[in-house]
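Residue numbers (our numbering): 3 to 460.
For every residue, glycine included, the Cβ atom is placed at its ideal position computed from N, Cα and C.
Because the structure is a prediction, the values reported are computed rather than measured.
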């Protein structure tokens, strides 16, 4: 068991980070249009150009390719005419080596949610490779002086070609089914059964990886509709044509009885378990990180957890009831589980940390809580929480069960309870992990029982 707990021990990778920075700066220095885009991303959305880099394309015999190998990139496989490399030690762009590229050329492809939206936002008339409905679509934006910048969208596909192509009407039908998913069906079991049925239908129609991408597009919409910080930031990013392309992970809160079904639902969509978290005896919660590599989606799944349960496979072994609710369990009891009634607790995206905090206050009146991580390679903070009304019957059950006091019940009836956040994150040197102590502190800070006044959001 000790091996499984330490299998994903992420560390900063300064050599790899420096190499990516060098490639990005080479392109920005030689392409004024790319430099202007990077400036707009910072000034108008607090998004870093480098965080949107999906692929760096190089000639295999050049010095940049040799430097990439020295910095940790190894072969993943071939995709058509391209040899694709990956760095498995951190969160880094893929490197694609192509014989057709001139020696020394550096080409960068930026990820966006939709190429057509990006081109329209920037009033660019460019040919798009890959028809509507393809798993990968790409357009060349600018090239000069042995550098180039392209823009691409991916839908559950890591290859360099267009990949599987589906009828747009079928894709829209799958997305609409997920958008319209019934989250309250009288019991949690019925809600999970409905979600599983829709996922099965989607996989049959468009394949597992495309179904996963569409499912989480609908999940972000559901969360965004209930979070004003998300609405403000999404509008800023849509104005630049990138959508939520900078998402880092999606956080779900689960009751103990529903945690194994939640993990099973994610595994149906192609997720695999990564690292586990345990916040300590006092905090009383744990988490299972899961990743769907083809769709490029990570979930952070929170649950109340006892100390000894960390050494069990709590992602697959049912958790028995506990006499009292921790922070995560109480949130679920107030709002419903994230995958059912409540929706996501938060979406975390990669930003210029300080710039986002400043811009959201100035442009949208949305403030940040104090940072819960402030390390050289990782910075994290929540926006002030979005208060949601709580259904009276949920409060009655908690009060009758002795899980909350009469004073807390009255406060929840009057003021509601914190429901969701947008999370501000800045990573350096490809650090792929999380700050366990910092996450523990913010979990405790956002416990609804600690929200003493109506105006306090975190």
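Which residues does DSSP pair with residue i in a beta bridge?
i	result
residue 149	108, 146
residue 198	Answer is none; residue 198 lacks a bridge partner.
residue 290	278, 303
residue 351	249, 426
residue 377	380
residue 87	77, 97
residue 138	156
residue 390	419
residue 222	None; residue 222 has no bridge partner.
residue 167	136
residue 255	304
residue 57	96, 111
residue 370	385
residue 131	140
Output the distance between the C-alpha atoms of residue i and residue j, rounded to the nearest integer angstrom.
i	j	result
residue 12	residue 412	44 angstroms
residue 3	residue 289	Note that residue 3 has pLDDT 40, beneath the 50 cutoff, so the model's placement of it is unreliable and no number is given.
residue 40	residue 334	40 angstroms
residue 161	residue 86	8 angstroms
residue 101	residue 157	26 angstroms
residue 65	residue 313	47 angstroms
residue 46	residue 325	48 angstroms
residue 22	residue 405	50 angstroms
residue 131	residue 121	13 angstroms
residue 339	residue 397	15 angstroms
residue 375	residue 382	5 angstroms
residue 208	residue 351	27 angstroms
residue 297	residue 159	6 angstroms
residue 454	residue 177	With a pLDDT of only 49 at residue 454, under the threshold of 50, the placement of this residue in the model should not be trusted; the figure read from the coordinates follows. Their backbone Cα atoms lie some 40 angstroms apart in a straight line.
residue 215	residue 373	30 angstroms
residue 73	residue 133	35 angstroms
residue 129	residue 142	8 angstroms
residue 103	residue 70	16 angstroms
residue 399	residue 393	10 angstroms
residue 14	residue 20	11 angstroms
residue 91	residue 430	13 angstroms
residue 75	residue 318	33 angstroms
residue 395	residue 386	26 angstroms
residue 172	residue 53	31 angstroms
residue 185	residue 225	13 angstroms
residue 378	residue 51	19 angstroms
residue 456	residue 407	Unreliable placement is indicated for residue 456, whose pLDDT of 33 sits below 50; the coordinate value is still reported in the next sentence. Approximately 17 angstroms, taken between the alpha carbons.
residue 253	residue 80	33 angstroms
residue 249	residue 192	30 angstroms
residue 460	residue 239	Residue placement at residue 460 is poorly supported in this model, since its pLDDT is 28, which falls under 50; the coordinates are not used for a value here.
Please state if the CB of residue j and the CB of residue i are separated by a distance shorter than 8 angstroms.
i	j	result
residue 354	residue 425	no
residue 433	residue 380	yes
residue 137	residue 167	yes
residue 126	residue 140	no
residue 32	residue 146	yes
residue 330	residue 267	no
residue 110	residue 151	yes
residue 169	residue 135	yes
residue 264	residue 287	no
residue 279	residue 321	no
residue 309	residue 258	no
residue 180	residue 227	no
residue 175	residue 148	no
residue 10	residue 277	yes
residue 123	residue 18	no
residue 144	residue 311	no
residue 44	residue 357	yes
What whole-angstrom Cβ distance do residue i and residue j have, given they're in contact under 8 angstroms?
i	j	result
residue 304	residue 230	The pair is not a contact, with the Cβ atoms about 23 angstroms apart (cut-off 8 angstroms).
residue 183	residue 200	6 angstroms
residue 251	residue 194	Between residue 194 and residue 251 the Cβ distance is about 22 angstroms, and since that is not below 8 angstroms, they are no contact.
residue 82	residue 211	With a Cβ gap of about 18 angstroms, residue 82 and residue 211 do not count as contacting.
residue 336	residue 419	5 angstroms
residue 367	residue 389	Between residue 389 and residue 367 the Cβ distance is about 15 angstroms, and since that is not below 8 angstroms, they are no contact.
residue 112	residue 55	6 angstroms
residue 2	residue 218	A question about residue 2 goes unanswered here, because the residues of the chain that appear run from 3 up to 460.
Any beta carbon from chain D within less than 8 angstroms of residue i's own beta carbon?
i	result
residue 68	Annotation note: the requested chain D is absent from the structure, which comprises a single protein chain.
I want to check one thing, is the minimum distance from the CB of residue i to the heavy atoms of the ligand FMN below 7 angstroms?
i	result
residue 432	What this structure holds is no ligand at all, so the ligand FMN is not there to describe.
Is it a yes or a no for the region 345 to 365 touching the region 288 to 295, going by three-plus beta-carbon pairs under 8 angstroms?
no
Query raised in the report: Given 8 angstroms as the limit, is there contact between the region 58 to 67 and the region 93 to 101, that is, 3 or more CB pairs closer than that?
Result: yes
Does the contact criterion of 3 or more C-beta pairs under 8 angstroms hold for the region 224 to 239 versus the region 358 to 366? yes
Q: State whether the region 185 to 205 contacts the region 259 to 275, with contact taken as three or more CB pairs (one from each stretch) at a distance under 8 angstroms.
A: yes
Touch test, the region 23 to 34 against the region 72 to 87, Cβ-Cβ under 8 angstroms, three pairs minimum:
no
For the pair the region 243 to 262 and the region 116 to 133, tell me if three or more CB-CB distances fall below 8 angstroms. yes
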